[in-house]
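A.B. asks: For reference, each letter of the sequence shown is one residue, going 1 to 401 in UniProt numbering. A virtual CB, placed ideally from N, CA and C, is assigned to each residue, including glycine. These numbers come from a predicted model, not from an experiment. Pasting in a structure now, in structure tokens, and then I'll have a few things to ask.
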Amino acid sequence: MTARYLLKVEAPIGVSAAGLFIGFLVFFTIKKGCLRKKHLKKDVNTMELRRYRFDELKKATDSFSDERLIGSGAFGNVYRGVLGDEKRTVAIKKAHSESNESAEEFKNEVELLSRVKHKNLVSLVGYCSEPKHKILVYEYVSQGCLLEYIVGKERNPLTWQQRVNLAIGSAKGVAHLHGVEPSIIHRDLKPSNILIDDEFEAKISDFGLVKKGPNGDASHVSTQAKGTPGYMDPAYCSSLHLTTSSDVFSFGVILLQLVSSRPALDHTRRQSEYHISNWAKSSVERGMVEDILDVSLQLEPCNNKMMLKMAQLGIRCTAWEPKNRPTIRQVVKELEEALCQVTKSVQRSSYSEESQSFSIDSVLLQRFYVESFEEISVRSASLRCLDVTISSNNNEEVDGR
């Protein structure tokens, strides 16, 4: 074998090896860059939040005093606080002392919440992460929670328009959670976790149980069911398989409460109607929404057609089988379409009333002219024939002139 032959064989091999090496080098460089960007993006998300010291938040809440307590959830207690240097009122959520969430889990949760931005979701503005303290700092929403309006006695009853707007806003907030990748499942939707701001817009709160959802139609398997009795999806409770439809079930209960202002679970009802969906189902299926309608709505002009649509959606959302429930996006779509139809119907009715009022006013105005200016040519026959509001006696008297 000659040297020239060896050179011909080894040269291409050397070139191929060099090319392969360069290819691997480029691949790893790009991959490293992508990972760096991914971590950078995560750091940027976290950097948008302020990290507070525990002593700052302790001072802001008067040592987490009971006077500052504004709510309690599965994650922990919520306090109203005023940050000293910012003079900003915030909601400070302090985890229960028995929480076994690790520092890494808490960090991941903060990162998850930091990227969720929507007008119908309460915004996370900061956090505290210390060995013995895990605290989330949210924007403060001043007008209380939905529960205070539909069950409590301290607030004025909601009008039907307010109930519809709050339902649509809440649904949009949940739809945003379900729409991110991977989807986010709230797991504890209930009226006390729907806050109301100064514009009377709904804001979903209490992300203490929030979890990254599965991709596609898959489910997330929990070690134990978490949530609030009455709002927990029975399919999730029995299988521990968590999907976005679990939130839909909870939202269906809320819709029924918006219509009826009744509790989710009521011991005073018959056992077969202990849950609100069982209690309302028969009336809703018969189209008799007035049987379950909040008394305060029966005392004011209420659009029963819209309330029936909300109740029907509530029944569908609380179907026993998750596959028979609509998605939250379908709920938003159907609520908006129903409201649009009702609004058009009301506008047509108002236009008809205004037209009728206008023609009556015109006739009355003409009568005024006829009676006030008898000696003027305005009493001509061509004008008198339009005076439809004058009594027959007056007509005879006019015709006799």
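DSSP on V122, reduced to helix/strand/coil?
C.D. replies: Residue state, collapsed to three classes: coil.
A.B. asks: With DSSP as the reference, label V259 as helix, strand or coil.
C.D. replies: Reduced to three states, the DSSP call for V259 is helix.
A.B. asks: Would you list the residues sitting across from T89 in a DSSP beta bridge?
C.D. replies: In DSSP, T89 forms a bridge with V82.
A.B. asks: Apart from the five residues on each side of it in sequence, which residues of its chain come closer than 8 Å, Cβ to Cβ, to Q143?
C.D. replies: Same-chain partners within the cutoff: L195, I196, D197, D198, F200.
A.B. asks: Assign S183 to one of three DSSP states: helix, strand, or coil.
C.D. replies: Coil at S183, not helix or strand.
A.B. asks: Give me the residue from Q330, M288, P301, N324 with the minimum Cα distance to A311.
C.D. replies: Of Q330, M288, P301, N324, the residue nearest in Cα terms is M288.
A.B. asks: Can you tell me where the alpha helix (DSSP H) holding A60 begins and where it ends?
C.D. replies: Note, A60: alpha helix (DSSP H), 54-60.
A.B. asks: Pull up the DSSP beta-bridge partners for G76, would you.
C.D. replies: According to DSSP, G76 bridges with A95.
A.B. asks: Out of curiosity, what's the CA-to-CA distance linking R270 and D55?
C.D. replies: One C-alpha to the other measures close to 51 Å.
A.B. asks: What does DSSP give as the partner residues of R51 in its beta bridges?
C.D. replies: Y127.
A.B. asks: Count the other CB atoms within 10 Å of the CB of P131; is the residue buried (16 or more) or exposed (fewer)?
C.D. replies: The residue is exposed, with fewer than 16 neighbouring Cβ atoms inside 10 Å.
A.B. asks: What would DSSP say about H267, mapped onto helix, strand or coil?
C.D. replies: Coil.
A.B. asks: In the DSSP assignment, find the unbroken beta strand (DSSP E) run with V137 in it and report its ends.
C.D. replies: 133-139 is the span of the beta strand (DSSP E), which, as asked, contains V137.
A.B. asks: Taking Cβ to Cβ, would you say K203 is nearer than 9 Å to L124?
C.D. replies: Against a cut-off of 9 Å, the Cβ pair of L124 and K203 comes out as no contact.
A.B. asks: Taking A225 as part of the alpha helix (DSSP H), name the residues at either end of that continuous run.
C.D. replies: Looking at the DSSP string, A225 is not in any alpha helix (DSSP H), and its letter there is neither H nor E.
A.B. asks: Measuring only the C-alpha atoms, how far is M307 from T61?
C.D. replies: About 41 Å.
A.B. asks: If you run the structure through DSSP and keep just helix, strand and coil, what is I360?
C.D. replies: Caution applies to I360, whose pLDDT of 43 falls short of 50 and renders its modelled position unreliable; the value that the coordinates give is listed next. Residue state, collapsed to three classes: helix.
A.B. asks: Going along the chain, which residues of its own chain have a beta-carbon closer than 7 Å to the beta-carbon of R80, five neighbours each way excluded?
C.D. replies: For R80, where only same-chain residues beyond five positions count, the Cβ hits under 7 Å are R68, I70, T89, A91, Y140.
A.B. asks: Tell me which residues share the same chain as N278 and place their Cβ nearer than 8 Å to its Cβ, disregarding the 5 neighbours each side in the sequence.
C.D. replies: Cβ within range, chain order: S272.
A.B. asks: Exposed or buried, A103, counting other C-beta atoms within 10 Å across all chains shown (16 or more means buried)?
C.D. replies: Exposed: under 16 other Cβ atoms inside 10 Å.
A.B. asks: Could you pull the DSSP bridge partners for H275 from this structure?
C.D. replies: DSSP lists L265 as partners of H275.
A.B. asks: Helix, strand or coil: which one does DSSP assign to C302?
C.D. replies: Correct three-state label for C302: coil.
A.B. asks: Work out the CA separation of Y231 and R50 for me, nearest whole Å.
C.D. replies: Cα to Cα, the separation comes out at about 33 Å.
A.B. asks: Start and end of the beta strand (DSSP E) containing L195?
C.D. replies: Note, L195: beta strand (DSSP E), 194-196.
A.B. asks: In three-state DSSP terms, what is I150?
C.D. replies: I150 falls in the helix class under three-state DSSP.
A.B. asks: Taking the alpha carbon of P191 as the point to measure from, which residue in I135, N165, T243, F251 has its own alpha carbon closest?
C.D. replies: Minimum Cα distance to P191 is reached at F251.
A.B. asks: What separation, rounded to the nearest whole angstrom, lies between the Cα atoms of S261 and D294?
C.D. replies: So the alpha carbons of these two residues sit roughly 6 Å apart.
A.B. asks: For I292, which of helix, strand or coil comes out of DSSP?
C.D. replies: In this structure, I292 counts as coil in the three-state DSSP scheme.
A.B. asks: Output yes or no for whether 9 Å exceeds the beta carbon distance between V332 and I168.
C.D. replies: Closer than 9 Å, so yes.
A.B. asks: Cα-Cα, which of C145, I276, Q330 is closest to D266?
C.D. replies: Closest by alpha carbon: I276.
A.B. asks: Which residues bound the beta strand (DSSP E) around K203?
C.D. replies: Segment 202-204, the beta strand (DSSP E) holding K203.
A.B. asks: If you reduce the DSSP assignment to three classes, tell me which class K37 lands in.
C.D. replies: In this prediction, K37 scores a pLDDT of 41, lower than 50, which makes its location untrustworthy; the coordinate-derived value is nonetheless stated afterwards. It is helical.
A.B. asks: Below 8 Å on the Cβ atoms is my guess for T228 versus D291; work out the distance and round it to an integer in Å.
C.D. replies: That pair is no contact at about 26 Å.
A.B. asks: Determine the direct distance from the alpha carbon of G314 to that of R53, and round the result to whole angstroms.
C.D. replies: About 43 Å.
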